[in-house]
Amino acid sequence: MTKTNPGRFFEDYRLGEVIVHAAPRTLGEGERALYHALYPARHALHSSDAFAQACGMPASPLDDLLVFHTVFGKTVPDISLNAVANLGYAAGRWLKPVWPGDTLRSESQVIGLRENSNGTSGIVFVETRGFDQLDDPVLSYVRWVMVRKRDPSAPAPQPVVPELPAAVLPEDLTVPEGLTFASYDFALAGEPHRLGDYAIGETIDHVDQVTVEEAEHMLATRLWQNTSKVHFDATLREDGKRLVYGGHVMSLARTLSFNGLANAQMIVALNGGSHAAPCFAGDTLGAWSEVLDKAETGVPGVGALRLRLVAVRAGTPPFALRDDSGRYAPGVLLDLDYWALIPM
Amino acid sequence: MTKTNPGRFFEDYRLGEVIVHAAPRTLGEGERALYHALYPARHALHSSDAFAQACGMPASPLDDLLVFHTVFGKTVPDISLNAVANLGYAAGRWLKPVWPGDTLRSESQVIGLRENSNGTSGIVFVETRGFDQLDDPVLSYVRWVMVRKRDPSAPAPQPVVPELPAAVLPEDLTVPEGLTFASYDFALAGEPHRLGDYAIGETIDHVDQVTVEEAEHMLATRLWQNTSKVHFDATLREDGKRLVYGGHVMSLARTLSFNGLANAQMIVALNGGSHAAPCFAGDTLGAWSEVLDKAETGVPGVGALRLRLVAVRAGTPPFALRDDSGRYAPGVLLDLDYWALIPM
Amino acid sequence: MTKTNPGRFFEDYRLGEVIVHAAPRTLGEGERALYHALYPARHALHSSDAFAQACGMPASPLDDLLVFHTVFGKTVPDISLNAVANLGYAAGRWLKPVWPGDTLRSESQVIGLRENSNGTSGIVFVETRGFDQLDDPVLSYVRWVMVRKRDPSAPAPQPVVPELPAAVLPEDLTVPEGLTFASYDFALAGEPHRLGDYAIGETIDHVDQVTVEEAEHMLATRLWQNTSKVHFDATLREDGKRLVYGGHVMSLARTLSFNGLANAQMIVALNGGSHAAPCFAGDTLGAWSEVLDKAETGVPGVGALRLRLVAVRAGTPPFALRDDSGRYAPGVLLDLDYWALIPM
Chain W
1 MTKTNPGRFF EDYRLGEVIV HAAPRTLGEG ERALYHALYP ARHALHSSDA
51 FAQACGMPAS PLDDLLVFHT VFGKTVPDIS LNAVANLGYA AGRWLKPVWP
101 GDTLRSESQV IGLRENSNGT SGIVFVETRG FDQLDDPVLS YVRWVMVRKR
151 DPSAPAPQPV VPELPAAVLP EDLTVPEGLT FASYDFALAG EPHRLGDYAI
201 GETIDHVDQV TVEEAEHMLA TRLWQNTSKV HFDATLREDG KRLVYGGHVM
251 SLARTLSFNG LANAQMIVAL NGGSHAAPCF AGDTLGAWSE VLDKAETGVP
301 GVGALRLRLV AVRAGTPPFA LRDDSGRYAP GVLLDLDYWA LIPM
Chain V
1001 MTKTNPGRFF EDYRLGEVIV HAAPRTLGEG ERALYHALYP ARHALHSSDA
1051 FAQACGMPAS PLDDLLVFHT VFGKTVPDIS LNAVANLGYA AGRWLKPVWP
1101 GDTLRSESQV IGLRENSNGT SGIVFVETRG FDQLDDPVLS YVRWVMVRKR
1151 DPSAPAPQPV VPELPAAVLP EDLTVPEGLT FASYDFALAG EPHRLGDYAI
1201 GETIDHVDQV TVEEAEHMLA TRLWQNTSKV HFDATLREDG KRLVYGGHVM
1251 SLARTLSFNG LANAQMIVAL NGGSHAAPCF AGDTLGAWSE VLDKAETGVP
1301 GVGALRLRLV AVRAGTPPFA LRDDSGRYAP GVLLDLDYWA LIPM
Chain C
2001 MTKTNPGRFF EDYRLGEVIV HAAPRTLGEG ERALYHALYP ARHALHSSDA
2051 FAQACGMPAS PLDDLLVFHT VFGKTVPDIS LNAVANLGYA AGRWLKPVWP
2101 GDTLRSESQV IGLRENSNGT SGIVFVETRG FDQLDDPVLS YVRWVMVRKR
2151 DPSAPAPQPV VPELPAAVLP EDLTVPEGLT FASYDFALAG EPHRLGDYAI
2201 GETIDHVDQV TVEEAEHMLA TRLWQNTSKV HFDATLREDG KRLVYGGHVM
2251 SLARTLSFNG LANAQMIVAL NGGSHAAPCF AGDTLGAWSE VLDKAETGVP
2301 GVGALRLRLV AVRAGTPPFA LRDDSGRYAP GVLLDLDYWA LIPM
């Protein structure tokens, strides 16, 4: 009997089944400090207990993407160990802030299955949910991946493709309990821009860039207990390169976007995302954003910005997302679509 | 008067003397987070307060090897600054879990001395003990090192070589107070295998591999306040390489062994260990284990597995430990023998 | 309207104005653990709660330079984003220990302005102060930088150059409330040397060396939320190198100086400092110290040592600070002048 986990193959998934992921994880001040060492994180609400308390929270919540990576990392051994490609995200919603001391666990429900026409792989759609130690959901999102079949002759399941929203609706955004921007200190936050200062269609070049190191992306990826071999083992690829976890690029781009979006404090929805091209150590990354939409939330003074966040390799001209054929332009690494809360 | 520490030489040790090591160290959530960033640590008992509480503990204890490295690191300035080789370990016992907020200090007693026949060095045997802030012992182990003489003409001491057990006896293993696996959640832990699922002689290839980075092994080794120059100073060796701390390889191998030994939750004894070959940044490491023995402990439901854990360089065939002449096979870096607690 | 911060230029500063810096930051156990992973920090007062409590403190305060870097890092977007050179420090005083859980913020007052004769840049003198969440000052220092003008034709301000002390006077040193060395444990601290064991003019070669890694200096610099692009972006310089943050060299040198100055526990004043030459990843650093002065403080048993701390590249002979022309000798990277508290 083999004791190690070979990962699941396409024919191992059943529509509707719920997969419980190992291992639960208590997040603390150490994870926050590491997040701030690995990424140029400066959003004040996630940096300062005093600032967060002035915004009605008991203390500074952990960074939203730190929570995402933690919940996501647990799914890797069960969902994407034999994945060929990570195809997309949708319907991501942050439901409750996570504080140092909270313990997170994840589970995923299979909500769609479709074999590819070549018969050697298929697409698995899962809805993943993260819970804290009170069993309260803290995050929910849909992800779909292409997974190899173990046995090409295994019969194809009845194809089921879930309907997914193009974006989370503003009325479905969860504003954390108690959050207020009534006495928001723009000087301490770093920029004066409110919701009303941004226009739909506006683009922002975030200017700052960072060169990626092997040690850094591996520290990050291990911290989320992501076990995908390609991030850690330089002997796997012919070129001897280790693939940088796509979430590392997400966090780099999001934190670089502080410069221009310092008041877009909390991510509350992930509408979609594509890892357009692989990232490797040695790459220098920059980021730009486009304002896709604006909305009020039910909470007075708390607005929401829908943003496209694009990570690019240094030297890529900003704001060029796709080429004439509709493909991502060379140098584009990440195209993320999210909602963030911002003072009105 | 020179102010810096030249380290001790062989003739500076006296049989029976107790050496108090600097500096005491408070371990917290930060050290745990770093451990989980530096190593692919996923054992649930060390990852989740909630899981640990379900196992009868007040919170998740710090990883066992984190405690070992902390206690060990303090001994370096007094024991191994002038060591030629780290020869072995024996009789290691974890005596009390360490929690975030505990402060550890170390002391070593010289329990054996034997000058080498060449007259230029000798072997020093020490029993090192780590204590917490209540002066309770948390760890005890024997280690022997070969240390240079300052003055080859210094007289040899009466040779004393301590008798050391081949392994800690099962009845001498300390099961932490309150530990129970009665409501152990195998799904959250990541694997279904109990003590009874392992057979003596069984071997497990842990499959996963990780490529070692300079920044990572130095971060780890500094975190344990290990001051051995060879790990940090690239100008010391002719080849410009920095030697990876042997304990870094221990932790990498142990955490890689999660895949196949996810329920071998707590290390409670170190029976022996050899650093068979040096490790350098750029090496890609894998690991395999062999079940050496199985035992019950006095605590219902809590079993113990005696395991050989072998770290190898990528490309080394698993399960080949020694060559025909009895020497370690090429590519074998570490051969560790320990007891771990596992649900029965 | 551009949303990103272009940084201030010389003509943007007004004498007397107070600049509030973003973003406040809560420091915790995680930042301490990272500091101890990034630097070979072993001073017992900053390592052990138990040791600190025996010295009259409620717990181990965060390392003094960790506080300095945090306060300093916040000033970068407003003071040195367009700086050509970081010219000097003076009158630095640590005013209150910082504990895990404290939140720091920074502000700077412009206390001097002098345009350079070339008309394209000028020198800005600021007094920066760090405050905790109780609005108590924790650190104050003067720093001056050379900053480019945006518009060379902008009129020069009335030149004002503040008078700065060569060193903080011993009577102006702040001994933390409650600090006592009455039951100081020299064995646990690591060395026997008291204030009286050091002589003015004495020099100490700290012997240990460390090779600098890209990942390490970037992790550190990001942790202090320092946004200076030169530390992170390998595409900025023609040679593709990233400049190591000068504060990284300060912390490396200070922690290396444990070996010979283990009892110089707390930094209480920064008298001056020059970054004599740039440091890059791959450099191997050592350090030496010179005793510049000795003093008693008002507190019985607590003495103060004024030290010159010099960081050098490996291979640089110790104790050679300047060449015949008065310039820093090749290989000298840092020349720091500080006061530290030590048992009498």
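Residue numbers (this note's numbering), protein chains in the order written: chain W, 1 to 344; chain V, 1001 to 1344; chain C, 2001 to 2344.
Here a beta-carbon is modelled for each residue, glycine too, at the ideal position from N, C-alpha and C.
Here the structure is a predicted model, which means the values were calculated and not measured.
Under the three-state reduction of DSSP output, Tyr2245/C falls in the coil class, being neither helix nor strand. Taking one beta carbon from each stretch, the segment 2031 to 2046 of chain C and the segment 2239 to 2255 of chain C have 3 or more pairs nearer than 8 Å; the two touch. Per DSSP, the unbroken alpha helix (DSSP H) holding Val1076/V starts and ends at 1064 to 1079.
Listed along the chain, the chain V residues whose CB falls inside 7 Å of the CB of Thr2284/C are Asp1233, Ala1234, Thr1235. Beta-bridge analysis with DSSP links Gln2109/C to Val2018/C, Glu2127/C. At a cut-off of 7 Å, the C-beta of Glu1031/V has a neighbouring C-beta in chain C. As far as DSSP is concerned, Met1057/V takes part in no beta bridge. Identification of residues in the segment 2069 to 2095 of chain C having a C-beta nearer than 7 Å to some C-beta of chain W yields an empty set.
Among the residues facing chain C, Pro1058/V is not included, as its CB has no counterpart in that chain under 7 Å away.
Counting other Cβ atoms within 10 Å of its Cβ, Ile267/W reaches 16 or more and is therefore classed as buried. Taking C-beta atoms as the reference points, Glu290/W and Arg308/W count as a pair closer than 7 Å.
If you draw a straight line from the Cα of Gly1201/V to the Cα of Ala1167/V, it comes to about 16 Å.
Against chain W, the beta carbon of Pro2024/C has neighbours under 8 Å at Ala44, Ser47, Ser48, Ala50, Phe51, Leu188, listed in chain order. Per the C-alpha coordinates, the member of Arg143/W, Leu336/W, Leu223/W positioned closest to Ser257/W is Leu336/W. At the C-beta level, Thr2120/C and Pro2152/C come within 7 Å of one another.
According to the DSSP secondary-structure assignment, Phe280/W is paired through a beta bridge with Leu243/W. For Ala2269/C, the enclosing beta strand (DSSP E) starts and ends at 2266 to 2275.
Our two residues, Val1098/V and Phe1280/V, have alpha carbons roughly 30 Å apart in a direct line. Closest by C-alpha distance to Ala187/W, out of Pro2024/C, Val2302/C, Pro2318/C, is Pro2024/C. Counting the other Cβ atoms within 10 Å of the Cβ of Asn2263/C gives 16 or more, which makes it buried. Here Ala1311/V is not near Leu1292/V, since their CB atoms are 7 Å or more apart. Out of Pro2330/C, Ala2154/C, Arg2105/C, the CA that lies nearest to the CA of Ile2019/C is found in Arg2105/C. A check of alpha carbon separations from Asn2082/C across Phe2010/C, Leu2095/C, His2043/C, Gly2273/C identifies Phe2010/C as the nearest.
For Asn263/W, no Cβ of chain C is located within less than 7 Å of the residue's own Cβ.
Val1126/V is positioned such that its CB atom lies no closer than 7 Å to that of Ser1140/V.
Following the DSSP letters along the chain, one finds Ala2215/C inside the alpha helix (DSSP H) bounded by residues 2214 to 2223. For Leu307/W, there is no enclosing alpha helix (DSSP H); the residue is found in the beta strand (DSSP E) stretching over 302 to 313. Sorting Pro278/W, Ala156/W, Ala329/W by C-alpha distance to the C-alpha of Ser117/W places Ala156/W at the top. For the segment 2204 to 2219 of chain C, the beta-carbon criterion of a distance under 9 Å to any beta-carbon of chain V is satisfied by Ile2204, Asp2205, His2206, Val2207, Asp2208, Gln2209, Val2210, Thr2211, Glu2213, Glu2214, Ala2215, Glu2216, Leu2219. The beta-carbon separation of Val1175/V and Val1302/V, rounded to 6 Å, stays under the 8 Å limit for a contact.
Looking at the DSSP output, Pro1137/V shares a beta bridge with Phe1131/V. Among the residues of chain V, those whose CB is under 9 Å from the CB of Val20/W are Asp1185, Ala1187, Leu1188, following chain order. Identification of chain V residues near Leu2307/C by a Cβ-Cβ cut-off of 9 Å yields none; the smallest Cβ-Cβ distance measures about 12 Å. Comparing C-alpha distances from Trp288/W to each of Pro162/W, Asp208/W, Lys229/W, Gly240/W shows the shortest one belongs to Asp208/W.
Here Gly2190/C has Ala2262 as same chain residues with Cβ atoms under 6 Å from its own Cβ, once five neighbours each way along the sequence are excluded. Exclusion of the five residues before and after Trp1094/V leaves Asp1064, Leu1139, Val1268 as the residues of its chain whose Cβ lies within less than 6 Å of its Cβ.
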